[in-house]
Structures are given as C-alpha cells and as structure tokens.
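S.K.: Take a look at this one; I'll ask things after.
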Amino acid sequence: MFTNMKINKIKKCVQHKNYEGILPYCEAEEPEIRIAAAEGLAEIGNDEANNALIGMLRDHDMSVKIAAVNALGKVKEFRSSTFISHEMEHSKDEAFVAACKRALGAIHDGGHE
10 MFTNMKINKI
20 KKCVQHKNYE
30 GILPYCEAEE
40 PEIRIAAAEG
50 LAEIGNDEAN
60 NALIGMLRDH
70 DMSVKIAAVN
80 ALGKVKEFRS
90 STFISHEMEH
100 SKDEAFVAAC
110 KRALGAIHDG
120 GHE
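Laid out in structure tokens, this is it:
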C-alpha cells in the first residue's frame, strides 16, 4: 500500500517536472520505489536528474542499477557514457552489461551534451 502511494507521488513529481521531489525516493528502502524514481528521472531528463541517475548506477540492487542505466539511455547525455562504461567494465552481470551496451548505443546514436 505504501509502495503505491510513493509511486503515485513520484508520478506527480514527473507531471510537474519536479526532480527534487523524486530525489528522496532514489534512496528508498524498497527497490521498486528506487526503480520508479529512476524511471521518473528519465522522464524529466534534466541535468540534475541525469546526475541522480549516475549515482544510482552504484545501487546495491541489480534491478535498480539496470533501471538507472536504462533511464540514462533515455536521457542520452554524453557525459553519462564514462560512468556507464566504468560500471559495465566492472560488472559480471550479463543483464546489466547488456543494458549498458544498449544505453551507450542510444547515447551515441542520438545523445546531446
């Protein structure tokens, strides 16, 4: 129940382009909330959202890391490439590495600085 309430709050923040309202959810206890936060930040897509997503690449939960890298692929900021490449090189998780490759491809195909 609380999870749905938090996700709805994240959605409202996205509607109002309020990235600051999403930031506390990036460190929520529940991985589902952190994933929703990553998706919301991708929708907003500004520099601050991108910075938060880069930080989420270090999450201890692999599903959150994958959500963060997917979100970075949607934001398409060239400067995230370095962080994505670094995390990819140090990961043995095949799903994460594949997500990193997709994100890097999206960034290099249509990214902006």
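Add 9 to a position in the sequence shown, counting from 1, and you land on the number used in our numbering.
Glycine is no exception: its CB is placed at the ideal position from the N, C-alpha and C atoms.
#1: Measuring straight from C-alpha to C-alpha, what distance separates Glu24 and Ile53?
#2: What separation, rounded to the nearest whole angstrom, lies between the Cα atoms of Leu113 and Ser100?
#3: Can you check which of these residues, Lys110, Met14, Lys85 and Glu86, is closest to Ile75 by C-alpha distance?
#4: Who are the Cβ neighbours of Gly82 in its own chain at under 7 Å, not counting the five residues just before and after it?
#5: Is the Cβ-Cβ distance between Ile44 and Val78 less than 7 Å?
#6: Under the three-state reduction of DSSP, which class applies to Glu86: helix, strand or coil?
M.R.: Let's see:
#1: Here residue 24 turns out to be Gln, not Glu, going by the sequence shown. Using only the alpha carbons, I get a separation of about 9 Å.
#2: 15 Å
#3: Lys110
#4: Arg111, Ala112, Ala115 and Ile116
#5: no
#6: strand
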